[in-house]
């Protein structure tokens, strides 16, 4: 019977009221649990300008010979050294002495970089906490989606939400090492909650609405990060520990998530949990004031009552015959392996370019809160573009267009960067094209979030997007070091980012368009579907 159930039609008859409220909770309330903990580093890990504190004692009291004390003159208190000169036999010797009294920072409120003095010989330890967060996201992307595919969306989502809240608050206490460990755990829980909730919401909408809902998710992210910039600005005069605590407290509502969220109807049917599926249908029908006799026959019909099987995110139900598909299935299936390889590179590229451009933008001169606001503000027109074009162009075309815009713009930015010494206007043009690149990569990011799960059968859907997200985390781990590369080779990041976007654009030609098409339910159907796609493209 499960093979004949059209879940899309059930949701159409049930109506939109329940789903709209679920979307509001997922995309406009709980989304701050995903954004604030990830971006809090911009505020709590800020490394201000600094210099050595002046000497308060004689040099010999710091371990230097008394001869230093009688002959030296301080030339400059530098960021990591005190530069002194001393006269020896009618000659002058310049010596760099470490900051024996510590550092003075050009900031009124402590960040953890200031509190733990993560500068000079400890420089990079602050950035390492963000890399550790990203590593946690990678582990979470690898582990949690498969668990959600096997045991359900709701228990995994709720558990990760609560654990993310606890770890975020706990990170505001303790020393550097405790903070680093909790950042790793927070990253893992954030991915477990974020990916699974996104899939759960997409499984509640019919195929004709998936593009718009995905666009809403992307739009909510842009509004989220702009909101985070506002929160950071309002808390700019507060010690970093309270800001970190606030990044965890935004998830207080997770204590009630068990009663707010329901298990995915598609997942229940795909895994033959018909009793629980019926309970969900009854609950939603009563909430939406839909008569049960209109919808229950669609769930309880006999096998001979063949319902129209339309394309949907999980038109899927025959995959219930093989509920234990795993990542090994992907490795053994040529079509799945090809898709996974291309989308993994795509996710890596999107992550390293998106976060690389974001992190570099906050290094612009001026107020860092304003700079951060501008860097995320450019995403809004990208989201609007995606929302208007996704139905018209489909997932594949809009992804390729986004990557093309990013790649071309970043290469042009590199050209202007190398020529900027000739004219200040060229420097302005280089910055402008860099932001156009951010616009393009944001469009493509929205597209692959929608496209990736549609390229996998039901019981590998969360696993497929999880694999992509793992590679996104790897890209995110490299992203902070793009700023370091730019200090030595200014045009280096732009060339790498532009080349990656170009390669991905070409590789995506090998993948099928999924918009408005019947999606394969099993691995076998996927192979046949891919063959048809190859024949049609010839």
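Residue numbers (our numbering): 316 to 853. The beta-carbon is built from N, C-alpha and C at its ideal position, and this holds for glycine as well. Bear in mind that the values here come from a model prediction, so they are computed numbers and not experimental data.
If you check the beta carbons only, do residue i and residue j fall under 8 angstroms apart?
| i | j | result |
| --- | --- | --- |
| residue 776 | residue 456 | no |
| residue 460 | residue 781 | yes |
| residue 709 | residue 816 | no |
| residue 498 | residue 451 | yes |
| residue 765 | residue 468 | no |
| residue 757 | residue 670 | no |
| residue 611 | residue 592 | no |
| residue 667 | residue 729 | no |
| residue 720 | residue 755 | yes |
| residue 513 | residue 486 | no |
| residue 565 | residue 353 | no |
| residue 528 | residue 338 | yes |
| residue 653 | residue 825 | yes |
| residue 753 | residue 672 | yes |
| residue 446 | residue 792 | yes |
Only counting the same chain, and skipping five residues up and downstream in sequence, which positions put a Cβ closer than 6 angstroms to that of residue i?
| i | result |
| --- | --- |
| residue 727 | 748 |
| residue 813 | 722, 725, 726 |
| residue 409 | 400 |
| residue 595 | 577, 580 |
| residue 662 | 783, 786, 787 |
| residue 369 | none |
| residue 534 | 698 |
| residue 655 | 645, 782 |
| residue 801 | 808 |
| residue 638 | Note that residue 638 scores a pLDDT of 48, beneath 50, so its modelled location is shaky; the value from the coordinates is reported in the next line. Cβ within range, chain order: 586, 774. |
In terms of alpha-carbon separation, which member of the options lies closest to residue i?
| i | options | result |
| --- | --- | --- |
| residue 522 | 746, 321, 669 | 321 |
| residue 343 | 738, 540, 562 | 540 |
| residue 827 | 368, 798, 771, 778 | 771 |
| residue 414 | 425, 423, 433, 579 | 433 |
| residue 750 | 759, 699, 694, 716 | 694 |
| residue 819 | 842, 843, 760 | 760 |
| residue 865 | 698, 448, 712 | Beyond the ends of the chain as shown, which are 316 and 853, falls residue 865; an answer cannot be given. |
| residue 558 | 810, 357, 614 | 357 |
| residue 779 | 443, 510, 437 | 510 |
| residue 440 | 494, 417, 411 | 494 |
| residue 857 | 798, 602, 803 | Residue 857 is absent from the model: the chain starts at 316 and stops at 853. |
| residue 767 | 823, 796, 753, 797 | 823 |
| residue 530 | 418, 702, 718 | 702 |
| residue 797 | 763, 407, 442 | 442 |
| residue 355 | 697, 334, 444 | 444 |
| residue 416 | 769, 446, 532, 378 | 378 |
| residue 346 | 567, 811, 465, 831 | 567 |
Considering only DSSP beta bridges, list what residue i is partnered with.
| i | result |
| --- | --- |
| residue 409 | 400 |
| residue 419 | 366 |
| residue 392 | 397 |
From residue i to residue j, what distance separates their C-alpha atoms?
| i | j | result |
| --- | --- | --- |
| residue 650 | residue 480 | 39 angstroms |
| residue 785 | residue 794 | 14 angstroms |
| residue 685 | residue 674 | 13 angstroms |
| residue 470 | residue 463 | 8 angstroms |
| residue 734 | residue 503 | 43 angstroms |
| residue 658 | residue 519 | 24 angstroms |
| residue 599 | residue 329 | 7 angstroms |
| residue 561 | residue 483 | 8 angstroms |
| residue 578 | residue 774 | 15 angstroms |
| residue 687 | residue 548 | 10 angstroms |
| residue 630 | residue 837 | Since pLDDT at residue 630 reaches only 44, below the 50 mark, its modelled position is unreliable, and the value read off the structure follows with that caveat. For residue 630 and residue 837, the distance between alpha carbons rounds to 10 angstroms. |
| residue 646 | residue 839 | 14 angstroms |
| residue 743 | residue 732 | 9 angstroms |
| residue 508 | residue 351 | 14 angstroms |
| residue 397 | residue 366 | 9 angstroms |
| residue 627 | residue 323 | Its pLDDT being 46, under 50, residue 627 is placed unreliably in this model, and the coordinates cannot settle the point. |
| residue 412 | residue 490 | 28 angstroms |
| residue 783 | residue 341 | 21 angstroms |
| residue 371 | residue 430 | 21 angstroms |
| residue 644 | residue 436 | 47 angstroms |
| residue 597 | residue 335 | 17 angstroms |
| residue 642 | residue 739 | 52 angstroms |
| residue 676 | residue 745 | 12 angstroms |
Tell me which residues share the same chain as residue i and place their Cβ nearer than 7 angstroms to its Cβ, disregarding the 5 neighbours each side in the sequence.
| i | result |
| --- | --- |
| residue 361 | 426, 428, 683 |
| residue 359 | 426, 427, 555, 558, 559 |
| residue 327 | 521 |
| residue 713 | 701, 704, 705, 758, 762 |
| residue 420 | 363, 365, 429 |
| residue 717 | 755, 756, 758, 759, 762 |
| residue 829 | 710, 766, 769, 770 |
| residue 393 | 366, 367 |
Grab me the residues of residue i's own chain with a C-beta within less than 8 angstroms of its C-beta, minus the 5 sequence neighbours each way, in chain order.
| i | result |
| --- | --- |
| residue 473 | 569, 572, 573, 576 |
| residue 424 | 551, 552, 553, 554, 555 |
| residue 606 | 600 |
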